[in-house]
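The structure appears below as structure tokens.
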Ligand SMILES: CC(C)(COP(=O)(O)OP(=O)(O)OC[C@H]1O[C@@H](n2cnc3c(N)ncnc32)[C@H](O)[C@@H]1OP(=O)(O)O)[C@@H](O)C(=O)NCCC(=O)NCCS
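Spelled out as structure tokens, the structure:
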């Protein structure tokens, strides 16, 4: 199987949105909104064009990764630009074949060359631990409210960057999109049945899970 990883072009936009819809449909909610996020992200000031990659097999786009600018704000008010990725998806027929890993690896090398000290994302730890991501709490990186969501994940690229300071991660405003507009946007695509399922319940469990600093001490008996 010959997989080509390349930058997304304007001709790919619709196909990437269709792929993203296919990969996320009914996964975290009945239907999905990630294809709308792809759509608005490309026109947003936080979009990072040089990290917008697709994977292609036989001329068909089967995976996509997009990045946005984000910031870390330290407790002594230092602001540092970092990056975040998402949506990241692989077409269901091509999952578990290393393509998601290949997209993360490809882009992570570019991010390193950009002198960006860390990648901070929100995601399912199961997908990202193997790539070296840790919980935000392990680097004292919280959300803007000072909480440590289970899904706030950090990949330190500059060793020792986080030091002992506390940091807050600020994601791009692009994620605060209007849900009504996302529903309206979905009407441009073929009708698809919205269903409920246990993956949505699992997601609900994960987004309500927060870590506490005192949980860091593990004792064995
Ligand atoms: C999450 C996602 C992007 C991962 O992409 P992927 O291409 O399936 O990921 P990989 O194949 O690189 O790795 C996934 C697993 O397949 C395994 N794998 C990789 N190559 C393999 C191969 N040749 N044979 C068997 N298993 C393989 C990996 O070890 C990994 O195992 P794990 O789940 O036990 O950790 C993809 O599953 C997806 O699009 N999911 C739906 C959308 C989504 O949830 N996106 C992320 C939002 S947080």
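In the numbering used here, the protein residues as written are 380 to 600.
Note that CB positions come from ideal geometry on N, CA and C, so glycine has one too.
query, result
"C-beta atoms of residue 471 and residue 535 nearer than 8 Å", "no"
"From 440, 526, 409 and 560, residue whose alpha carbon lies closest to that of residue 385", "440"
"Pairwise C-alpha distance: residue 592 and residue 388", "44 Å"
"Beta-carbon separation (whole angstroms), residue 530 vs residue 511, contact threshold 8 Å", "In fact, because the Cβ distance is near 16 Å, the residues do not count as touching under 8 Å."
"Alpha-carbon spacing of residue 448 relative to residue 577, whole angstroms", "32 Å"
"Inter-residue CB distance, residue 545 and residue 412 (contact presumed, cutoff 8 Å)", "Incorrect: roughly 32 Å between the Cβ atoms, too far for contact."
"Proximity winner among 426, 429 and 395, relative to residue 414 (alpha-carbon distances)", "395"
"Residue 495 Cβ short of 7 Å to ligand 1 heavy atom set", "no"
"For residue 442 and residue 382, the rounded distance between their alpha carbons", "10 Å"
"Pick from 417, 481, 497 and 552 that is closest to residue 398, judged by C-alpha positions", "417"
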